[in-house]
Amino acid sequence: MKRLIPQLLSAYTLSLLAGIYSAPCLAAPPAAPASAASQDDCSAVRLDAPGGPMEFSKMPVLNQGNTPLCFAYAAAQMIDAYRFSHDTKQPKQLTSPLALATQDGVYNNEFRTKNHISPLEGGMIWMAIGAGRRAGSCSYEAIQKLPGSEELNSAIQELKNLYAYGQARPTASSKLRAPGENTDEVADLILCKFPVLETLSSSNKTIVRQLKAALRSRSVSPFLKEVIDLACKNHTTPLSNLPAPEHLDADEVLARFPGEKASEHFIHLIHERLSTKNPQPIGITYCASILFQKNREKSIFTGDFDYDLNCNLHASVIIGRRKAPDGSCQFLIRNAAGPTCDSYYDPKQCENGQVWVDRKRIGDNLLKLAWIP
0 MKRLIPQLLS AYTLSLLAGI YSAPCLAAPP AAPASAASQD DCSAVRLDAP GGPMEFSKMP
60 VLNQGNTPLC FAYAAAQMID AYRFSHDTKQ PKQLTSPLAL ATQDGVYNNE FRTKNHISPL
120 EGGMIWMAIG AGRRAGSCSY EAIQKLPGSE ELNSAIQELK NLYAYGQARP TASSKLRAPG
180 ENTDEVADLI LCKFPVLETL SSSNKTIVRQ LKAALRSRSV SPFLKEVIDL ACKNHTTPLS
240 NLPAPEHLDA DEVLARFPGE KASEHFIHLI HERLSTKNPQ PIGITYCASI LFQKNREKSI
300 FTGDFDYDLN CNLHASVIIG RRKAPDGSCQ FLIRNAAGPT CDSYYDPKQC ENGQVWVDRK
360 RIGDNLLKLA WIP
């Protein structure tokens, strides 16, 4: 059987880097949470409703901008939904996706090296959740309050751009020619361009040493970790009670359910997770073209499909279910492109940056599910 995932790892990284982020309109307020439903019955569920694990007023739609961190934004929201719905003593701070992505780069370095995915160039939702279990939840709010916090993300992205698959590479802004060349000059340029790094380094001089060491080496991960550790100092909540995430890949589903039955199995599992006593968001890796292209009817399970041109692989979370006026069943996808709806092909199906999509359309375009049991 033709295997999907080895082909998709490359497409995943490329499509994330290419950017599929749009500015997702203000619609009707969320409905009240529904009780658990029997599997596949499409009764109403809204995790973002008042009292739900992702109550909109407490957990708004974030915006990843033009960063390739969709997987970390999805993972962070899944972590927080579980925290807020299972432990009333947990601080109500949100988890920083940027910190989570950096922690993922450190704790899952072996996987990234094997699959040629450098730090902050995309990743797997379930692996990012696993990294968060080890590192803890770093406060999104604390990082946003740092002087020059808007620069921190740009600074880390600039450093990431010096590297490709663990190899240092030249960029127009860096003047870096090869590992070990001009490191003092480049370090000075980066620190000058992004004062927030100097703010952090004033409290711990090792950041300058780590920056120069990273520029001399073939991995930027140690420096990224140093930056995040400093930014998150005194603002991290342990996640020792967070269960290990579970996940399911298209390969595994296709091995048991060929063709369209694979799509049906994915849909069944989503219904199953939304129908539990305390439903949680479901992480999905999928073709985001279903959000932006009206005539996107092909299924990834039936072949004759160009992933790079037709898919735009992305990561989001499913946070709701409803029966549409035409009688079809829809799932609610929360994207990470802010609380607007301008760029989706059907703004009428969008609420505050969250999009209702027909369940079959989603099932036909899924590559991976992830959830916290």
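Here numbering that gives the first Met the number 0 is used: the first residue of the sequence shown is 0, the next is one more, and so on. Just so you know, even glycine gets a beta-carbon here, dropped at the ideal spot from N, CA and C. All figures in this text were calculated on a predicted structure; none of them were measured in a lab.
Residue burial classification, residue i (beta-carbon count within 10 angstroms, cutoff 16)
i: Pro-67; result: buried
i: Ser-200; result: buried
i: Cys-286; result: buried
i: Asp-86; result: exposed
i: Pro-169; result: In this prediction, Pro-169 has a pLDDT of 42, which is less than 50 and means its spatial position is unreliable; what the coordinates show is noted afterwards. Pro-169 comes out exposed.
i: Lys-224; result: buried
i: Lys-367; result: buried
i: Pro-237; result: exposed
i: Ala-323; result: exposed
i: Glu-140; result: exposed
i: Thr-235; result: buried
i: Gln-143; result: exposed
i: Glu-109; result: exposed
i: Ser-298; result: buried
i: Cys-191; result: exposed
i: Gly-50; result: exposed
i: Gly-104; result: buried
i: Asp-325; result: exposed
i: Asn-364; result: buried
i: Gly-258; result: exposed
i: Asn-152; result: buried
i: Asn-107; result: buried
i: Glu-184; result: exposed
i: Asn-294; result: exposed
i: Asn-311; result: buried
DSSP beta-bridge partners of residue i
i: Phe-330; result: Arg-320 and Val-356
i: Ile-189; result: Paired residues: none, contrary to the question.
i: Arg-45; result: Gly-319
i: Asn-62; result: Ala-336
i: Ala-314; result: Thr-284
i: Ser-136; result: Thr-236
i: Glu-350; result: Gln-353
Sequence-distant residues of its chain with Cβ nearer than 6 Å to residue i (five each side left out)
i: Glu-150; result: Phe-193 and Val-195
i: Ala-314; result: Cys-69, Phe-70, Ala-73, Ile-124 and Thr-284
i: Phe-256; result: His-264
i: Pro-244; result: Trp-125, Ile-128, Ala-369 and Ile-371
i: Leu-273; result: Val-44 and Arg-320
i: Gln-102; result: Ala-130 and Ala-134
i: Ala-403; result: Nothing can be reported for residue 403, as the shown portion of the chain is limited to 0 through 372.
i: Trp-355; result: Gln-329, Leu-331 and Gln-348
i: Gly-362; result: Ser-262, Phe-265 and Ile-266
i: Leu-247; result: Leu-368
i: Arg-82; result: Gln-89
Unbroken alpha helix (DSSP H) run spanning residue i, endpoints
i: Thr-112; result: 108-113
i: Tyr-285; result: Element bounds for Tyr-285: not the alpha helix (DSSP H) but the beta strand (DSSP E), 281-286.
i: Ile-142; result: 139-143
i: Asp-40; result: Neither: Asp-40 is in no alpha helix (DSSP H) and is coded neither H nor E.
i: Ile-206; result: 205-215
i: Phe-83; result: 69-85
i: Glu-120; result: That residue, Glu-120, is in no alpha helix (DSSP H); it is neither H nor E in DSSP.
i: Thr-94; result: From DSSP, Thr-94 is part of no alpha helix (DSSP H); its letter is neither H nor E.
i: Val-373; result: With the chain covering only 0 through 372, there is no way to say anything about residue 373.
i: Ile-299; result: Careful: Ile-299 lies outside any alpha helix (DSSP H) and carries neither H nor E.
i: Phe-222; result: 220-231
Close Cβ partners of residue i (< 7 Å) along its chain, the five nearest in sequence each way excluded
i: Asp-357; result: Ser-327 and Gln-329
i: Arg-360; result: Ile-289
i: Asp-376; result: Absent from the structure is residue 376, since the part of the chain shown begins at 0 and ends at 372.
i: Thr-182; result: Lys-211, Leu-214 and Arg-215
i: Pro-90; result: Thr-236
i: Pro-338; result: Pro-59, Val-60, Asn-351 and Gly-352
Cβ distance (whole Å) where residue i is taken to contact residue j below 8 Å
i: Tyr-343; j: Gln-292; result: Not quite, the Cβ-Cβ distance comes to about 10 Å (not below 8 Å), so this is no contact.
i: Pro-52; j: Gln-279; result: 6 Å
i: Ala-230; j: Pro-221; result: So it is not a contact: roughly 15 Å between Cβ atoms.
i: Phe-41; j: Ala-98; result: Checking the sequence, you will find Cys at residue 41 rather than Phe. With a Cβ gap of about 37 Å, Cys-41 and Ala-98 do not count as contacting.
i: Ser-239; j: Phe-300; result: In fact, because the Cβ distance is near 39 Å, the residues do not count as touching under 8 Å.
i: Glu-157; j: Ile-189; result: 7 Å
i: Asn-62; j: Ala-335; result: 6 Å
i: Pro-146; j: Thr-198; result: 5 Å
i: Arg-378; j: Leu-268; result: A question about residue 378 goes unanswered here, because the residues of the chain that appear run from 0 up to 372.
Span of the beta strand (DSSP E), counted from its first residue to its last, around residue i
i: His-264; result: Per DSSP, His-264 belongs to no beta strand (DSSP E); it is in the alpha helix (DSSP H), 259-273.
i: Leu-366; result: 365-370
i: Glu-245; result: 245-248
Close beta carbons around residue i, own chain, < 8 Å, minus the five adjacent residues each side
i: Ala-186; result: Val-207, Leu-210, Lys-211 and Leu-214
i: Val-316; result: Ala-73, Gln-76, Met-77, Pro-280, Ile-281, Gly-282, Ile-283, Ile-332 and Arg-333
i: Leu-46; result: Pro-32, Pro-52, Met-53, Ala-80, Pro-278, Gln-279, Pro-280, Ile-318 and Gly-319
The ligand NAP heavy atom lying under 8 Å from the CB of residue i
i: Pro-194; result: The ligand NAP is absent from the structure shown, which contains no ligand whatsoever.
Short CB-CB distance (under 9 Å) between residue i and chain C
i: Gly-131; result: Checking the listed chains, one finds no chain C in this structure; it contains a single protein chain.
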